[in-house]
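Protein sequence lines correspond, in order, to chains A, B and C.
At position 623 of the first sequence the residue is numbered 623 (full-length UniProt numbering), and the sequence of numbers has no breaks.
At position 211 of the second sequence the residue is numbered 211 (full-length UniProt numbering), and the sequence of numbers has no breaks.
At position 221 of the third sequence the residue is numbered 221 (full-length UniProt numbering), and the sequence of numbers has no breaks.
Report on the following structure.
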Amino acid sequence: MSPRTAEFAPLEGQHIMLTGATGFVGQAILEKLLADYPTTRVTLLIRPKGSLTGQARLTSLLRKPVFATWRERVGKEEVERAAAERITVVESTMGDVASLPSDLDVLIHSASTVSFDPPIDEAFKTNVGGAVGLYEALLRTGSDPHVVHVSTAYVGGIRKGTTVEASLKHSVNWRVEMDAAIAARAQVEASSRRPEILRKVIAEARTVSGKVGPQAVAAAAEEGRNAWVTARLVDYGRVRAQSLGWADVYALTKSMSERVAEELWAGNGHRLSVVRPAIIESALRHPYPGWIDGFKVADPLIIAYGRGLLPEFPGLPDSILDIIPVDIVVNATLAVAANPAPRDEPKYFHLSSGGRNPLTFRDIYENVLTYFRANPIPDDQRGHIRAPLWAFPGARAIARSLKFGERSNKYAQRALLRLPSGKTTRNWQRQVSARQTDLELLRAYSDLYQNYTQAEIIYDDSKTAALNETLPKSQLEKFGFDATDIDWDHYLQQVHFPAITTLMRTFSSRPRAKEQKEKPLPQVPNVVAVFDLEGTVLATNIIEQYLWVRLASVDKSKWPAELANLFGSLPRYIATDRRDRGEFLRTFLRRYEGVDEAALRSLIHDSIGDVLLQRIRPEAVRQIRKHREAGHRTVLVTGAINVFTEPFTSLFDEVVASTMHSKDGVWTGYLSKPPLVDEARAAWLRLYAEREGLDLSKSYAYGDSHADRAWLELVGNPQAVNPDAALFQHATTKHWRIHQWNDQARSRLNTINELVRGDMASTTHAPAHTPLTLESPKETTHE
Amino acid sequence: MAAPSRQAVRLLVNPVVRGREYLTELPGPFIFVANHPSELDAPLVSQVLQGVVRRVVSVSAAPETGLRAAAVKSLGLRTTRTLTSMLAHGGSLLLFAENYRADDGTLTEFNLGAARLGIQTGVQIVPVTLVGTYRALPPWRRLPETSRPKVSVIFGRPIQAAPGSEPSAVNDQIVKAITLGLAEAEAGWYGALRAEAEGTFAAVAGSSAGSSTGDVGDSARWQRIWKATAPDKSTRRTVWVK
Amino acid sequence: MSRPGFVLSVDAQTPPLVVFQGEKVLLERLPSGASVLYPPDALPGIHQLDAEVAHALANPVDSEPLAALLQRGSRVTVVFDDLSQPITSRTAPDVRQRVIEHVLELAAAAGVDDVELIAATGLRRRLTPYDLQRVLGERVFASFFPDQLHSHDAEDGNLVEVGKAADGTPIEINARVVSSDLVISVRLATAVGNEGAPAVATKLASARTARALTSPLAAAAGASAFESLVDTIGDKATVFTIDVTLTPEPTGPATAFLSKREREWSITDRVLSAGIQAATKVLPSRARLGLSQVSGVGFGVTSVLAGKPSSVHPLTEAFLAQQQVGVVDSPADVALFGIPNPNGVGTALNPVTAASLGLGQIFNGQAAKPVVRAGGTAIFYHPLTPWFHPLYHPAYVDFFAEALSATTDPAVLAADFEGRFAADSWYRHLYQTSYAHHALHPFHAWYSAAPAIEHLGEIIFVGGNLESTRRMGFKAATTLNDALEMASDSVGLSPSITYVHGAPVSISEVS
């Protein structure tokens, strides 16, 4: 083809259609067309999303930072004018393309999936099915635009050596693969409903949400099944791609879509050009240095390094990471669009840097090291993260240490879930979760980058270079796309790293939790504050209370036997409690068979009540009284027996506790009603609110264990108090308020000691003399 | 039966002691005069006085039988002279002054020898009341029960006998103090004091006091022993009734 | 007679001196030139307490013998002081038990049946049955508990008005006391100025009266309102007082060395001291509290006087004055005090009580005049851990968290917070049914420290918890040198320093 001489006016007055305008490259192309190709008209294919029409999405698209420079340059009115006059929107989805305009000169197809490892059916539907739909629609219009098909360099598959710019040589039948992929979903869905799979999923759900209640388990089970389906389909995709020689299903489907383009478009006598960019990263110059829209392939690696998460990297120092700035890709694509290929000979262009200006991992590492040593990322304490030094030990060593780290973390997590909740364990929990995230990240990167770094492919881009040569010298600044132009050190340290670290700070900056000042509670009528007893208001549990009563009512000599008895049954109770709290309560309260209720009440009044009062949390009392002052109704709900709540009845407006069934004043050991725990409590709360006319969405609830989730979720202001591990996780996810109420910890031995003293003193007084009622013999006595 | 050893007493019996503080402030020695319901008494009192008073030697006024009696008589262990010299050396005496021992542990007539000794030597006489020892170690047992029976040792205020006072008057004082101790176990401390002031001991402390003028024959022997060995009412509240 | 107190001048040869810091015992080197005030050696306790008590009751001052005052059928109330320390060494019975047993024996002999015993707790917590048993002994306890033996209830609705204060506040006193014929009051005194008001009725008043008379907003009505209630209360009741003076006594050989002068320590003492030092470093805090039990201080009885209150009190005061420390020439710029923990099992002082205990030393300590000049600095040793007894101190917890964090000015506290606390039904419930101090108790403790805070320029706590110290308006330092550095702003770089050796004597309001 002949280079244009005389005036340089590429794409003059042409009507260009662009798919994927909302994507990274698409945005950049649109911007370039609007800014530097002023005579062009653009049609965009935008899929409506939710309630947003395509037009609405365009409006919000034009507000993005990529258009900022242009907007500044020409002014707001010009932008709006351009949007109104030069852009048309066709609302349609890829699979079902409506009629396209028939006067297109160029079609740039850059729409594709976003992630590398989608489920296989989604990958095929979007990348392959989308291309099919598009080309078929285009054929239907009967027009003959030059199509620029944006693919990816990695369609070459996993191979060694130089790859040239030519059509792919493989014999994979895209139709067959596509049908198989679509069918895979139905198969996997059916398979997921098999009892074996469902049983596993249910068991998993039960371990997590079992204590909350059956509904929660069901919900979690269905979620688990869906997760299983997705994971399986992702697996289908990855493994199929690998079996055919591609790194992942993205590369596989992109190569399939190239075939589609060749078959449907070029094969029908139309003009086709294919551009294959490598890893696209932030802009070198246009619209402004460092413009990027979200993190791209290489960025997580860089960030992870800067955050000190990657102690080592699984790659060879001399392997090449092929990075290309997005404005070079845009310029190249548009240059390709302006130079159509001949009708029966599709043209292929590699947009990469590895051929003539390679960037090795060692280069990247050195730049990253320099940059992050000079500009370390602040960590969330007060210091800065120190970027580690890499020694590149090789993939296998990395894999080993990664596996070890994952396994030890998993054990730590499991162990923590079993420990009772406390401040230290919560800290550990937090650390372990954070480490879990980091390890997963590391694992993902290792897997991901393995393909990019183990591969020893070099993409030859001589055709692209030749195309660049055809540009007049004066226009190179604006329209050039020469990879050798890039000074990597400058690009990385001055352009790219600053861009992504700014992005990172925006994304992941967690504002330090400010000291929340104690605000008085809002005075709203018809609001209830529901408190759980054990573990929330009172720092004790049912077993301890039983122990106190027992020890106070038998002789000291029998204590060892009592303690042994209780401790012997403890494992059984703990296991039952883990299963179902209601069952645990029923089983444990059987021990109260044969108790004289009046005697127990007087015992609690004399001594045990004081012990209970000692265990009350002062902050809880303060909170209850705050609610009282604000006019809220305060309710205590507990599964414990009502006699044990005697000391605090005056704090609450209403106390709801279990009652024991009694016969002639003696307990039979059975409850008179099912205990109010977990979902039963939730049901009760709903009923209570309805009966009393209370507004649950403004109400408060305080609970401490994972099982309390069921009724905490009913109110508008749920609060977790000293939560156990599972509730802590849930609360942080849902952004509930978490309280740390300390008790003035008295050792358990002290408590028992005082209990005994108190009771002894009050019951061992000898027959007291009753002075006034003595039938006074003094009347009759001789004086 | 022979008395149980000191060790057995220490392990098996946990006595309630009252009035020991009267002794800590005064220099020894003392003449302890106690009632004698059971063989447990001597080792019990020695154990209670350990660390408070030096060297307590117990002597019984009741006639001993058999070999022991012969030994005592021959060695002249119960003569006034021996006892006085013991006191002069700083050792304290524990005298069981009842003339004979009732078979149900109640109080009987006191020998005047204790009073006389007190008047003669000028040593302070401390009345000691023992309550509950009959039940703890009845005559037919060798060792006290293992369930830690409740026994009380109550020391009265020391009596300083002026030289030349009447032995019977001093003896009355002693008996009154011991009776007060018995009443205390029944009716509480203040009740006993009030009863003493009113002279209503018979009404309040009737059962244990039993006068020497023989209510003895009124109820059958077995009834009296039955009553004396009635188990202590437990004052601990029972929560579990079944 | 005992050795009088003396003043040691610190120089290079002075060994490190014993300083109490809460549950720890430190050995501190004081800067050269500092003065150390040693209390006089403990007066010997009375050996024959029984005889002494019997003699006092038979020969009272300005009154008939007690046996004559007790009539058949009269209504007698025995009122006894409530200190939470065990009085006299741990093995012997409490002196109150001895005195009351004598009294009751006389009462029984006289034919009195209507006897009640009331613990004059004022606004302090009720005494638990265990406390009562320890104070009065098993015999008295068993005979009178629970109907005729209890603690004063300041919130009881049955308090009787016996008069009005100068500003019109009604003075309400315990009903039983007012309706008695004879009130026998057993008082304990440890130091000059520590007796409190001569009238026992101050500790038997209603909460309302106490609040009105102690509030800083009230005029200095204070104790003068009770002047008419010293010898008689109301129309009927005559008061017969039995005053017992106490002196600090080491409770055992293991801790005797702590009150001895360091120069005179024997080898054993040095070894024991080193042992305690090591132990306090190694042991966790709770065990250290147990250690303080071992290294605690008890009390011995030095005199017993009985009779008409207005006559007996001056005599007691004079007797106690013998225990004064040698007079200091002039008040110093800086005074140092060590504050130990009380003897309760596993208890520590809460920050407010510790601070008021320490500050009470400024005016009510062992010396006649304050040891530090107006505007000077007082340095205390106490960790001020924000620990509160869960049963006794619920009002303290809220006082510390809500009231003190808002303001430390007594006038503002009285105006804004006192009313709310006094009227709160939960605190009242806890005071009457459980064993909590009355809600006004923290306020009064704080007011009692106010004069000292006024008098002083700076108050620094060495080893104090930062947050608690700041909240109360004081400063915290880690070591003595840092504290002196902090104080140098107001007293200069070389101030005159006095260290008051030993444990504080005014311990009446503790725990």
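Note that CB positions come from ideal geometry on N, CA and C, so glycine has one too.
Using a Cβ-Cβ cutoff of less than 7 Å, which residues in the same chain neighbour residue i once the five nearest sequence positions on both sides are dropped?
i	result
A682 (chain A)	A710, W711 and L714
R124 (chain C)	D82, H437 and H441
D153 (chain C)	Q432
D322 (chain A)	A153, A278, I279, S352, S353, G354 and Y459
Using C-beta distances below 6 Å, list every residue in its chain close to residue i, excluding the 5 sequence neighbours before and after it, in chain order.
i	result
P145 (chain A)	L104, D105, V106 and L107
P718 (chain A)	A701, L712 and W736
I242 (chain C)	V99, V186 and A306
L336 (chain C)	I379 and Y499
S206 (chain C)	A154, L159 and E172
T230 (chain A)	P119
Evaluate residue i with the Cβ neighbour count: other Cβ atoms within 10 Å of its Cβ, from every protein chain shown; 16 or more gives buried, anything less gives exposed.
i	result
A374 (chain A)	exposed
V164 (chain A)	exposed
P420 (chain A)	exposed
P383 (chain C)	buried
Q187 (chain A)	exposed
I574 (chain A)	exposed
Y411 (chain A)	exposed
A9 (chain A)	exposed
residue 826 (chain A)	Any question about residue 826 (chain A) goes unanswered here, given that chain A covers just 1 to 783.
R373 (chain C)	buried
M1 (chain B)	For M1 (chain B), the pLDDT reaches just 47, beneath the cut-off of 50, and the residue's location in the model is therefore unreliable, although a value from the coordinates is still provided. Counting Cβ neighbours within 10 Å, M1 (chain B) comes out exposed, since fewer than 16 surround it.
R57 (chain A)	buried
W426 (chain C)	buried
L44 (chain A)	buried
R510 (chain A)	Any reading at R510 (chain A) needs caution, since the residue's pLDDT is 49, under 50, leaving its predicted position unreliable; the model's value is listed next. Counting Cβ neighbours within 10 Å, R510 (chain A) comes out exposed, since fewer than 16 surround it.
E166 (chain B)	exposed
Short of 8 Å in beta carbon distance, which residues of its chain neighbour residue i, apart from the five on each side in sequence? Order them along the chain.
i	result
K673 (chain A)	S658 and T659
S35 (chain C)	V7, L8, S9, V10, V328, A332, S496, I497, T498 and Y499
L57 (chain C)	P65, L66, A67, H102, V103, L106, I242 and A306
Output the boundary residues of the beta strand (DSSP E) element that contains residue i.
i	result
V103 (chain C)	Counting along the chain, V103 (chain C) falls outside any beta strand (DSSP E), though it belongs to the alpha helix (DSSP H) covering V95 to A110.
I604 (chain A)	First-last for I604 (chain A): undefined, no H or E at that position.
S9 (chain C)	F6 to S9
P358 (chain A)	That residue, P358 (chain A), is in no beta strand (DSSP E); it is neither H nor E in DSSP.
I believe residue i touches residue j by the beta-carbon criterion, under 8 Å. Please report the beta-carbon distance rounded to the nearest angstrom.
i	j	result
Y190 (chain B)	S143 (chain C)	4 Å
V61 (chain C)	L305 (chain C)	6 Å
E196 (chain B)	D50 (chain C)	Their Cβ separation, rounded to whole angstroms, is 19 Å, which puts E196 (chain B) and D50 (chain C) out of contact at 8 Å.
P163 (chain B)	G113 (chain B)	Rounded, the Cβ-Cβ distance is 17 Å, inconsistent with contact.
S102 (chain A)	G142 (chain A)	7 Å
V177 (chain C)	I233 (chain C)	6 Å
What are the start and end residues of the alpha helix (DSSP H) that includes residue i?
i	result
D596 (chain A)	Per DSSP, D596 (chain A) belongs to no alpha helix (DSSP H) and is neither H nor E.
R6 (chain B)	R6 to L12
Going residue by residue through the region 458-484 of chain A, where are the continuous alpha helix (DSSP H) segments of at least 4 residues, counting only ones entirely within it? 462-469 and 476-479
Where in the region 633-686 of chain A do unbroken runs of the beta strand (DSSP E), each at least 3 residues long, occur, reported from the N-terminal end onward? 633-641, 654-658, 660-663 and 666-671
Which complete beta strand (DSSP E) runs does the region 97-173 of chain A hold, if anything under 3 residues is left out? 106-109, 146-150 and 160-163
Could you name each continuous beta strand (DSSP E) segment of 3 residues or more that falls completely within the region 11-45 of chain A, going from the start of the chain to the end? Segments of the beta strand (DSSP E) lying fully in the region 11-45 of chain A: 15-19.
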